[in-house]
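Trainee:
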Amino acid sequence: MFNAATTIARTINVLKELDNNNFEVLLVNDGSTDDTREVLEQCISLDSRFQVLDKKNQGPGIARNYGIEHAKGEYLLFFDADDYPQKTILQDYEKIILANSALDLIISSFTFRTLDKEQVADEKNYLVNDYVYETNQEFLADMYELMNQQLMYVVWNKCYRRDIILKYAIRFKNYRSCEDRIFNLDYYKYCSKIVMNPKIEYIYEFEGGAGITNQYNENKFKTFKEFYERSNSITNDEHKEGMAALLLKGTTSVIFSILATNKLNRQQKAAAVNSILKDSTIIEAKKIAKTDTTAKKITKLLFNMPNPVVRTVLTTGSFVENKMPGIMAILKRKY
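Heads up, the sequence shown is in UniProt numbering, so the first residue is 1 and it goes up one at a time.
Below you can see the structure in the form of structure tokens.
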């Protein structure tokens with residue numbers, strides 16, 4: 001966590017009330033400059049289940065790696081400092097683990113709340129079908145459909161086996177974007193038995209235009225490309241058209257962040273967007289992208305328009321995302 005003084009107390013209080021005491025919580029303080037450290041000490045006083053790990057600020061991926069290296073449990077869960085799991089999550093996961101020998105991964109339903117100035121602007125439940133994958137081949141064959149349902153990108157709706165992470169040296173990249181996605185892809189390669197848990201186990205709150213997901217960084221498009229290429233690699237290009245459609249969606253969010261930032265002037269923004277639109281991966285993706293929904297058809301059509309038209313349309317979209325995040329959340333879910 002970084003500068004989480006205003007949110008971490010709520011999360012810790014929820015964790016204290018979990019219906020299972022057989023756990024450890026590693027609170028990684030990623031060089032916070034506010035009162036996070038003091039709040040942590042106040043919240044976990046005399047509770048041996050909680051441990052604070054202090055490190056210099058290096059970003060969320062490296063902070064999670066630090067937690068992995070200090071963890072002792074058989075299974076790992078990753079939580080954000082401003083969200084919270086359901087009270088029964090550990091009890092539910094324990095039942096699933098005991099009922100399924102040699103279990104490698106649990107993927108659960110979750111609630112995604114879009115906030116606008118700390119008020120709920122939109123709420124969507126992303127629901128998992130009750131199912132057990134018995135082989136890696138079967139699991140990867142469904143990868144596009146699971147990604148298209150928004151179930152595969154994040155880490156906080158999943159339960160991982162620590163020995164797999166350690167055995168194959170799976171770690172988070174030092175990226176400011178897509179580090180969770182790429183970590184998951186590296187992990188998915190080694191999963192044989194996966195339980196899809198239909199119960200909502202986690203509530204994620206996302207602050208519209210201000211969240212880290214929407215922030216600009218110059219390597220953001222590069223990380224989306226890497227995720228696209230890795231996704232095709234582990235699925236042997238069997239879902240390349242679908243993955244291309246998801247890349248166009250992700251690239252739209254990258255361009256939104258470029259157009260919304262105050263770190264670039266108008267000419268720099270135009271140059272950055274043009275560079276993306278001329279990229280060979282995007283040129284290929286806009287030719288082959290799957291169009292199984294109206295939103296995908298519109299997105300593919302947009303990317304095949306002249307670059308100035310694309311920039312104009314996406315400038316409007318960027319404004320909507322920042323000023324009316326609830327509306328944009330509704331549009332995105334139709335993709």
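For every residue, glycine included, the Cβ atom is placed at its ideal position computed from N, Cα and C. None of the values given here were measured: they were computed from a predicted structure.
(1) Take Gln215 as the anchor and find which of Tyr75, Ser177, Leu301, Asp116 has the nearest alpha-carbon.
(2) Among the residues of its own chain, which have a CB less than 6 Å from the CB of Asn219, if the five just before and after it don't count?
(3) To which residues of the same chain is Gln51 closer than 6 Å at the C-beta, ignoring the five residues directly before and after it?
(4) Whole angstroms is fine: what's the gap from Leu40's alpha carbon to Asp237's?
(5) Out of Gln149, Gln137, Asp104, which one is the CA nearest neighbour of Thr235?
(6) Using 8 Å as the threshold, is the stretch 161-177 in touch with the stretch 194-201, meaning 3 or more CB pairs across them?
(7) For the beta strand (DSSP E) containing Phe78, list its first residue and its last residue.
(8) Are the CB atoms of Gly67 and Leu77 nearer to each other than 8 Å?
(9) Exposed or buried, Gly73, counting other C-beta atoms within 10 Å across all chains shown (16 or more means buried)?
(10) Suppose the cutoff is 7 Å on Cβ atoms and the five residues either side in sequence are ignored; what does the same chain contact list for Thr33 look like?
(11) So the candidates are Gly242, Tyr126, Tyr190; which of them puts its Cα closest to the Cα of Tyr111?
(12) Give me the Cα-Cα distance between Asp130 and Ser108, rounded to the nearest whole angstrom.
(13) When DSSP labels each residue in this structure, what does Arg161 get in the three-state scheme?
(14) Could you tell me which uninterrupted beta strand (DSSP E) segments, each at least 3 residues in length, are contained entirely in the stretch 161-208, listed from first to last along the chain?
(15) Please list the terminal residues of the continuous alpha helix (DSSP H) segment that includes Lys117.
Mentor: Checking against the coordinates, here is how it stands:
(1) As a working mapping, residue 215 is identified with position 215 in the sequence shown. Nearest of Tyr75, Ser177, Leu301, Asp116 to Gln215, Cα basis: Ser177.
(2) For this step, residue 219 is matched to residue 219 along the sequence shown. Around Asn219: no qualifying Cβ.
(3) Stepping through the sequence shown from its first residue, residue 51 is reached at position 51. Answer for Gln51: Leu26, listed in chain order.
(4) Stepping through the sequence shown from its first residue, residue 40 is reached at position 40. Stepping through the sequence shown from its first residue, residue 237 is reached at position 237. Taking the straight line joining both Cα atoms gives about 46 Å.
(5) Mapped onto the sequence shown, residue 235 falls at position 235. If we check each option's Cα against that of Thr235, Gln137 comes out closest.
(6) no
(7) One-based indexing of the sequence shown puts residue 78 at position 78. Phe78 -> no beta strand (DSSP E), and no H or E assigned at all.
(8) For the purposes of this step, residue 67 is taken as the residue at position 67 of the sequence shown. For the purposes of this step, residue 77 is taken as the residue at position 77 of the sequence shown. Cβ distance not < 8 Å, so Gly67 and Leu77 don't count as in contact.
(9) Your numbering for residue 73 matches position 73 in the sequence shown. Result: exposed.
(10) Working through the sequence shown from its first residue, we reach residue 33 at position 33. Correct list, in chain order: Asn3.
(11) Taking the sequence shown and counting its residues from 1, the one referred to as residue 111 is at position 111. According to the sequence as given, residue 111 is Thr; it is not Tyr. Among Gly242, Tyr126, Tyr190, the Cα nearest to that of Thr111 is on Tyr126.
(12) The count along the sequence shown starts at 1 and reaches residue 130 at position 130. The count along the sequence shown starts at 1 and reaches residue 108 at position 108. So the alpha carbons of these two residues sit roughly 9 Å apart.
(13) Position 161 of the sequence shown, counting from 1, holds the residue named residue 161. If DSSP states are grouped into helix, strand and coil, Arg161 belongs with the strands.
(14) 194-207
(15) Indexing the sequence shown from 1 puts residue 117 at position 117. Where Lys117 is concerned, there is no enclosing alpha helix (DSSP H), given that its DSSP letter is neither H nor E.
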